[in-house]
């Protein structure tokens with residue numbers, strides 16, 4: 113029933129460029145909720161009320177922001193309160209208390225005349241704050257965590273290799289066609305902390321069917337590990353989700369780029385001081401997946417140069433840390449490639465990585481200049497590790513055209529490939545303020561921007 117409401121939408125005309133290749137499924141243009149007219153919003157709200165609670169909440173949020181009303185919805189704020197509270201009650205009935213708490217608290221923003229959400233939050237054990245792990249745990253707790261995290265079983269297959277500035281798989285060129293992945297309803301920390309296996313499998317199936325051969329995935333250590341005073345103590349449920357994501361992607365023919373040290377501790381136990389528990393956690397992760405041929409490369413740190421170009425760390429300290437981390441990872445997983453997806457000073461990583469990864473969020477002329485500059489700074493092959501444009505403050509044709517231009521520049525400059533940020537838009541209920549960078553909207557329907565990578569995937 114998720115797609116029923118789409119029949120109510122007005123189809124937007126597609127710009128002629130870029131054409132969709134016949135071998136691929138055509139992409140139908142569908143307006144986002146932000147661009148929908150009042151009648152369309154009201155129709156979606158009516159159809160989704162009993163079939164898709166998250167979509168219903170999202171359309172009510174748009175209506176509330178606009179001050180829109182319908183025959184059946186005179187006050188979107190009151191309707192939104194009811195929808196959020198109803199959804200929280202359903203989550204609570206399913207035993208998902210931490211998720212329910214988030215929706216109850218969000219409901220409090222919309223009305224003061226109903227006490228259901230407030231009363232629910234006051235019930236003991238109904239909605240509780242997440243547990244805060246102690247820094248040091250007793251031996252029994254540590255052993256239980258280790259015993260409850262089954263070993264990872266690598267898949268059969270061939271490792272992607274780098275030879276003469278070219279990636280090869282089974283002797284054939286492998287050009288990376290990647291997209292950044294985190295589940296639609298579980299972005300950021302919630303990916304490894306709360307995502308369902310069903311969501312992971314459904315979404316990675318969509319990505320694989322669209323033709324992508326790689327996904328890039330961020331790893332957040334304090335979700336994956338606990339008891340930092342004991343070194344690397346895994347959270348079994350979090351590793352079950354990470355294993356599921358890796359196995360699902362690899363079994364569908366895709367490679368994976370795991371990004372280490374995403375959102376690291378830079379204040380209490382600063383990453384660049386090489387705290388013992390962080391070093392142990394990195395070793396645990398790399399050792400666990402060292403024999404997995406589906407790992408395309410380990411990305412050692414996302415945007416590490418920003419920590420000295422915009423942060424409080426000295427460049428020398430960060431580069432020294434990168435040197436040491438690269439050495440450790442290479443010793444643990446000598447068959448797997450290493451990179452680091454930095455932004456403005458990617459050339460600084462060149463001595464320590466197999467290929468230089470850089471990220472870009474400007475216009476295509478700036479991208480060409482960035483590539484040209486990097487080519488004067490290093491002979492290492494280049495990978496565009498992050499490029500994407502939002503529809504939050506624009507439109508779908510604009511997102512598609514900007515992305516097409518960027519990917520075309522990457523193709524024409526013969527990079528190792530590219531990674532698009534990101535796969536899915538996130539509902540406002542789970543990611544307020546997200547820029548809508550996705551190639552699919554919140555109903556898993558392809559946006560126009562998906563045409564851009566598909567044009568190059570089909571070549």
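Numbering (the working numbering), first residue to last: 113 to 571.
We put the CB at the ideal spot given by N, CA and C, even for glycine.
Inter-segment contact for the stretch 420-432 and the stretch 473-483 is absent: fewer than three beta-carbon pairs are separated by less than 8 angstroms. A residue is called buried when at least 16 other Cβ atoms come within 10 angstroms of its Cβ; residue 218 meets this threshold and is buried. Scanning 331, 511, 361 for the CA closest to the CA of residue 411 turns up 331. Here residue 165 carries a helix assignment [DSSP, helix/strand/coil].
For the pair residue 181 and residue 196, the Cα-to-Cα distance works out to about 18 angstroms. When the alpha-carbon of residue 520 is set against those of 566, 537, 493, 486, the nearest one is in 566. By the neighbour-count definition (other C-beta atoms within 10 Å, threshold 16), residue 398 is a buried residue.
In the structure shown, residue 464 adopts helical secondary structure according to DSSP, grouped into three states.
The secondary-structure analysis by DSSP pairs residue 469 across a beta bridge with 453, 495. Residue pairing from DSSP leaves residue 261 without any beta-bridge partner. For residue 291, the enclosing beta strand (DSSP E) covers residues 288-292. Residue environment analysis places residue 424 among the exposed positions, since fewer than 16 neighbouring C-beta atoms fall within 10 angstroms of its C-beta. Only exposed fits residue 488, as fewer than 16 other CB atoms lie within 10 angstroms of its CB.
A direct Cα-to-Cα measurement between residue 497 and residue 532 gives close to 8 angstroms.
Nearest to residue 371 by alpha-carbon distance, out of 383, 534, 413, is 413.
Residue environment for residue 172: buried (at least 16 other C-beta atoms within 10 angstroms of its C-beta). Here residue 417 is buried: its Cβ has 16 or more other Cβ atoms, across all protein chains shown, within 10 Å. Of the candidates 443, 446, 433, 444, 433 places its Cα closest to the Cα of residue 452. In terms of CA proximity to residue 468, 274 leads the group 274, 208, 157. In the structure shown, residue 284 adopts extended strand secondary structure according to DSSP, grouped into three states. When DSSP reads this structure, residue 558 sits in a beta bridge with 552. Cβ contact annotation for residue 175 (same chain, cutoff 6 angstroms, sequence separation greater than five): 153, 188, in chain order. CA-CA distance, residue 350 to residue 230, rounds to 30 angstroms. By the Cβ criterion, the stretch 373-380 is not in contact with the stretch 454-469, since fewer than three pairs of Cβ atoms, one from each stretch, lie closer than 8 angstroms.
At the C-beta level, residue 466 and residue 395 stay beyond 8 angstroms of one another.
The three-state reading of DSSP puts residue 529 in strand, counting E and B together. Close CB contacts of residue 479 within its chain, under the 7 angstroms cut and outside five residues either way in sequence, are with 472, 518, 521 (chain order). About 16 angstroms separates the beta carbon of residue 347 from that of residue 358, a gap too long to meet the 8 angstroms contact definition. Residue 227 and residue 193 have their alpha carbons spaced roughly 10 angstroms apart.
Residue 329: member of the beta strand (DSSP E) spanning 326-330, first to last residue. Residue burial annotation: residue 553 is buried, with at least 16 other C-beta atoms found within 10 angstroms of its C-beta. Here residue 549 is not near residue 509, since their CB atoms are 8 angstroms or more apart. Per the DSSP secondary-structure output, residue 370 pairs in a beta bridge with 329.
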